[in-house]
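Visitor: I am attaching a structure below and will ask some questions about it afterwards.
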Amino acid sequence: MERDHEFYRTIKSIAKHLRDDLGVKNVSMLSFVNDDMKNTPGWLVRKLGGGFFCKSDLNWYGRPINEVQQFVESDFDILIDLELEPVLPLKYILKSSNAKMKVGPQQLDFPSDYDINIGISPVVKSLENGVDKNDDMAIWKEQTERTFHFITEANIQ
């Protein structure tokens with residue numbers, strides 16, 4: 001759970017950077033917690049512009065319900081998926097979204113989900129970068145940096 005909290009804090013920091021440093025006016029975040037609402041950690045908060053949904057927010061065949069539908073119907077310019085591995089409830093949102101552009105990591109099982117696929121660069125253990133290939137947080141951060149570097153370099157607005 002501590003690892004999940006670190007992911008959450010990092011995503012909040014990215015949203016703040018997009019708003020404050022890059023001038024993005026409307027930034028929304030949505031996370032999925034693979035547990036029931038009663039078991040979600042206290043640091044997760046549902047609020048405007050950022051939130052989460054959990055297992056108890058899925059119908060019997062695994063589709064999100066409730067306020068998630070409002071997120072799906074929003075007209076985003078860009079929807080960025082930061083999950084390295086497919087998460088089916090998030091895939092449903094991605095496929096259903098009205099976003100003008102969808103950006104995410106290259107996933108072999110879902111090759112056409114994104115308008116722009118960001119190839120995943122394997123992080124290998126080395127003295128130079130000090131990253132263990134089994135450190136999923138380091139791998140995720142590196143992929144997230146690659147994604148935002150591409151968006152910045154491509155001047156996607």
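Residue numbering for the sequence shown follows this note's numbering, beginning at 1 and increasing consecutively. C-beta atoms are modelled at their ideal positions from N, C-alpha and C, and glycine is treated no differently.
1. What are the start and end residues of the alpha helix (DSSP H) that includes K164?
2. Can you tell me where the beta strand (DSSP E) with S31 in it begins and where it stops?
3. If I follow the unbroken beta strand (DSSP E) through L108, where does it start and stop?
4. So what does F52 bridge to, in DSSP terms?
5. Tell me which residues share the same chain as N66 and place their Cβ nearer than 6 Å to its Cβ, disregarding the 5 neighbours each side in the sequence.
6. Where do the N-terminal and C-terminal ends of the alpha helix (DSSP H) with I93 fall, by residue?
7. Mind reading off the beta-carbon distance from P64 to P89? Whole number of angstroms is fine, and I expect it under 8 Å.
8. Which same chain residues, not among the five before or five after I118, have their C-beta less than 8 Å away from its C-beta?
9. Who are the Cβ neighbours of D4 in its own chain at under 7 Å, not counting the five residues just before and after it?
10. Put P26 into one of helix, strand or coil per three-state DSSP.
Guide: Taking the geometry as given:
1. What the structure shows of the chain is the stretch from 1 to 157, and residue 164 is not part of that stretch, so it cannot be assessed.
2. M29 to V33
3. Taken as a continuous stretch (DSSP letters only), L108 belongs to no beta strand (DSSP E), as it is neither H nor E.
4. Answer is S31.
5. D57
6. L88 to S96
7. 6 Å
8. Answer for I118: V103, G104, P105, Q106, Q143, R146, T147 and F150, listed in chain order.
9. none
10. Before going on, a small fix: residue 26 reads as Asn here, not Pro. In this structure, N26 counts as coil in the three-state DSSP scheme.
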